[in-house]
Structure formats: structure tokens, C-alpha cells
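Let me begin by presenting the structure, written as C-alpha cells, before commenting on it.
Below you can see the structure in the form of C-alpha cells.
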């Protein structure tokens, strides 16, 4: 019964990819911190609505290589913007070609980016006060983060861009969905069922998210193959029953 309830809370667009690995920020924090100090309080009665929404609607997926949280303390020595920029620079130094969304558009001179500014909001700053520097570093470094947007959309702000593993049933269903929802704009799409079907396509922006290499975009008679994978710096929408649509922010 608990699994059914978990599925009901997780947005469909995240559920189809991560299943039970996707947890709210609140659940992620409480499950990772096994022995919190007596002074630890994640949520208080007078906390602002923006912070409550962050805990409830932000979703976290831990990386496969994430170590357990062995030591937890509430020490705050650094401001949230500095913590975010340091983690970004650490990731870039370790992996200069990293595809971690957290590093997207980062300006080393200004030590800032759109994503860095989002993660330095008042709600995130309050979270830092509640969980401490070390745990905030842990979340930024070892998890994929998805922030809520209007109309059941989610923006990925941290973690590697994900490719989805589809079983045969889901792939067949996606193929059927694609046949039933014909494109109406000045673009056409073809796919090869021998690999994997194209899951969704945004004909207005020319972006696609798919599991195979079969998508061909035809615009004004020119055929261009779209490489697989979720496009950098995009939002995720569950507009259709199967798959994501990638749209620029």
C-alpha cells in the first residue's frame, strides 16, 4: 500500500524514469539523516510558504555512487551562494566536460549562473540553516534535483542528464502514442522501431527527447538527425502520457 501512495505523490514524468528512487526533498533529508541531533528541526510552524513548497514539491534522486551520510552536523559557516559556486567549480575541476546540469551556463568570473541563482533563493538559504553546510554540499554533489514549475512541469537543476531505460511494454505503448498523436507543425518525424521509439517531440522548438538514435527532423526539405538524450538546460513536461518534452527556459 505504501508503494501505491508513493507513486501517487511522484509526478508521472519523474515516476516513469526513476520510480521509487524519486523522493520529495523533505523525505530525502529525513531518510538520509538517520541519527539527527536533538536540535535538528527541518520544518517549523511559522516557516514561509516558499520553503514549505520547496520541501514538498522539489524531488531528489540520489546518484548510484552516492555514499551514505556517516556524519551530520548543523554547522553553518558559508552562505548558500558560495556553497553552490564552490560545488560547481569542484565538479568542473574534476570533470571539465561534465554533463551535470548544475554546471550549465556557469560564469567563472562572476561565479554565477541562472541555476546557481535559483539554488541561492531564500528558501534554499533557509534549508541550509536547517541542515548545515556539509549536508547541503552532499545534496548538490550526489543527487539529481528537480524543481516544480507551473502546469506539472519540472526543471532539472542538478545531476547528470538522464537517458531512460524502457521495457518492451513501455516502448510499445510509446510507439502507439506516437502514431495516434500526429505532428501538426512544419516538421515531420520518423523513427526506427528496431531501436527505440521516439517518445516525444516539440515541433515548435525543434527539440526532442528519445531513447534511441532514430529521430529525423525534416524542415524545409532538409533532414537532420537529432542526437539522443535530454537537451541541456531544459524543462520536463508530462503533457503526454508517455515521455518528456524538452523546451528551453
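Residue numbers (full-length UniProt numbering): 1 to 249. Built from N, CA and C at the ideal position, the CB exists for glycine as well. Just so you know, these numbers come straight off a predicted model, no measurement behind them.
- With three or more CB-CB distances shorter than 8 Å, the region 115-132 counts as touching the region 80-93.
- Sequence-distant Cβ neighbours of residue 92 in its own chain, meaning closer than 6 Å and more than five residues away, are 103.
- When DSSP states are grouped into helix, strand and coil, residue 107 belongs to the strand group.
- Residue 31 and residue 23 have their alpha carbons spaced roughly 10 Å apart.
- Shown here, residue 127 sits in a helix according to DSSP, grouped into three states.
- Ranked by how close their Cα comes to the Cα of residue 140, the residues 87, 29, 54 and 68 have 87 in first place.
- In this structure, residue 106 sits near residue 113, with a CB-CB distance shorter than 7 Å.
- Note on the region 25-101: whole alpha helix (DSSP H) runs with a minimum of 4 residues are 25-32, 49-57 and 80-94, in chain order.
- Annotation for residue 14: 22, 59, 146 and 154 place their beta carbon closer than 7 Å to its own, counting only its chain and skipping 5 residues before and after.
- Across the structure, residue 137 and residue 131 are spaced so that their CA atoms are roughly 10 Å apart.
- The shortest C-alpha to C-alpha distance from residue 115 to any of 142, 108 and 101 is the one to 101.
- Membership of residue 158 in the beta strand (DSSP E) is indicated by the continuous run 153-158.
- By the criterion of a C-beta distance shorter than 8 Å, residue 75 is surrounded in its chain by 132, 133 and 134, once the five residues flanking it on both sides are discounted.
- The shortest CA-to-CA distance from residue 110 to any of 157, 19 and 89 is the one to 89.
- The residues 60, in chain order, have a CB closer than 6 Å to that of residue 28 in the same chain once the five nearest residues on each side in sequence are set aside.
- Taken through DSSP and simplified to helix, strand or coil, residue 147 comes out as strand.
- In this structure, the beta-carbon distance from residue 42 to residue 143 does not fall below 7 Å.
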